[in-house]
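In our numbering, the protein residues as written are 626 to 947. Think of the CB as a built atom: it goes at the ideal place given N, C-alpha and C, for glycine as much as any other residue. Model, not experiment: these values are computed from the prediction.
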Amino acid sequence: MFVASYTSPKIEVRSHGRVREAKKVVLSARIGGEVIWISPNLREGRFFKKDEPLLKIGIRQSKSNLKAPFNGVVQTKNVDLGQFVNPGAQLATLLGSDQAEIVIDLPMGRMGWLPQSNNSNEQGNQYHIPAIVSLTGINSAPKHKAIIKRHLLELTPRGMMVQLIAEVDDPFHMKKNYQAKNTQNSETINLTENNNNKLEISVNRQVINIPLFLGAFVDVVIPGRQLENVVHIPAKALRDRDTVWIASQGEIQVRTVKIAHVDFDDVYLSGGIRIGEKIITSPVKGAANGMKVQLAGMKKKDGKRRAKKQNSADSNLSRESL
626 MFVASYTSPK IEVRSHGRVR EAKKVVLSAR IGGEVIWISP NLREGRFFKK DEPLLKIGIR
686 QSKSNLKAPF NGVVQTKNVD LGQFVNPGAQ LATLLGSDQA EIVIDLPMGR MGWLPQSNNS
746 NEQGNQYHIP AIVSLTGINS APKHKAIIKR HLLELTPRGM MVQLIAEVDD PFHMKKNYQA
806 KNTQNSETIN LTENNNNKLE ISVNRQVINI PLFLGAFVDV VIPGRQLENV VHIPAKALRD
866 RDTVWIASQG EIQVRTVKIA HVDFDDVYLS GGIRIGEKII TSPVKGAANG MKVQLAGMKK
926 KDGKRRAKKQ NSADSNLSRE SL
């Protein structure tokens, strides 16, 4: 049984999202010619710095240097040393590494749960709302701070969800020395090949700081708005989505309630129930309006009261006999 009382919690909006690149460019040849130099960092999965030379094309005793437009990582490489390229040829695809974006799906009905945001411009779809994201299904993965910046102006085609766009800084852990700080339970395994060459591989038994891989699914927690004067009940007390069972004068009252928010095991009601009413949380077979019930512990209490009264009467009778 649960006794209704008012509370004013700050709710959390929980959803899911997917990681995507914040910047993406295709590196193209401005002139035609032979590729005479390629940076060691112009390889798939390698990182590079802004303005770092990535490739040189030679033509008629002149050279064209292609530099990195931002800090990033190589997604694809489409050119090799000595290859002749034409003007406009796509040489590589580069992704930004300073930030990533999270596309968050949110039901339209939950938009009102988001906190108020002080927008710096007049566009109604712009925000500055903090959030926490973590890789789905990996308990040891770190939590990343994100900022929800805007929502798109079209719904998802299938689920009819609003798409929020959040930004995460340093998604690949390039700005901090994570490996030195977080390698735990490391050991070295020696693999012997042909009894001659030894290959040593360092194996980390516990991986903590996993980067936010592009395309990965993430769990999202957004600190929501403040609820005012709502009644908190456990989720198991909610019946048929919008009713509760009230114990009143030894009978069950089936009551329709107004739900303000649902969060895992907690439900917050904004109407349909009064303070101090007793809400039944345990299962009752065949529960219906007007059904007689006895609250657990009441029978024992009544028995103790009757016994106390009887003892008091016996005591008075003994005094009168004297």
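Pairing Ile661 with Lys681, the inter-Cα distance amounts to about 6 Å. If you compare the alpha carbons of Gly657, Gln878, Thr701 with that of Glu669, the shortest gap goes to Thr701.
Put simply, the stretch 902–917 does not touch the stretch 641–655. Fewer than three CB pairs are less than 8 Å apart. Ile884 has its alpha-carbon roughly 14 Å from the corresponding atom of Thr632. Sequence-distant partners of Ile663 (beyond 5 residues in either direction) whose C-beta falls short of 6 Å from its own C-beta, in its chain, are Leu680, Leu706. In its chain, beyond the 5 residues on either side, Val644 have a beta carbon closer than 7 Å to the beta carbon of Phe838.
In the three-state reduction of the DSSP assignment, Gly840 falls in the coil class. For a cut-off of 8 Å, the C-beta gap from Val758 to His776 is around 16 Å, too long to register as a contact. The stretch 787–803 and the stretch 866–883 do not touch, with fewer than three beta-carbon pairs separated by less than 8 Å. As DSSP reads the structure, Thr906 sits in no beta bridge. Following the DSSP letters along the chain, one finds Met786 inside the beta strand (DSSP E) bounded by residues 786–794. Out of Pro740, Ala771, Ile835, Ile729, the CA that lies nearest to the CA of Gly784 is found in Ile729. C-alpha of Ile871 to C-alpha of Ala647: approximately 52 Å in a straight line.
Within the same chain, Cβ atoms closer than 6 Å to the Cβ of Ile773 are found at Tyr752, Ile754, Ala756, Leu789, Ala791, the five residues on either side in sequence being excluded. In the displayed model, Ala885 falls within a strand according to three-state DSSP.
The straight-line gap separating the alpha-carbon atoms of Leu731 and Met786 is approximately 5 Å. When DSSP reads this structure, Trp662 sits in a beta bridge with Lys681.
Nearest neighbour of Lys688 by Cα position, chosen from Gly658, Thr761, Glu902, turns out to be Gly658. With respect to Lys692, Pro712 sits apart: the two C-beta atoms are not nearer than 9 Å.
Val628 and Leu780 have their C-alpha atoms roughly 41 Å apart.
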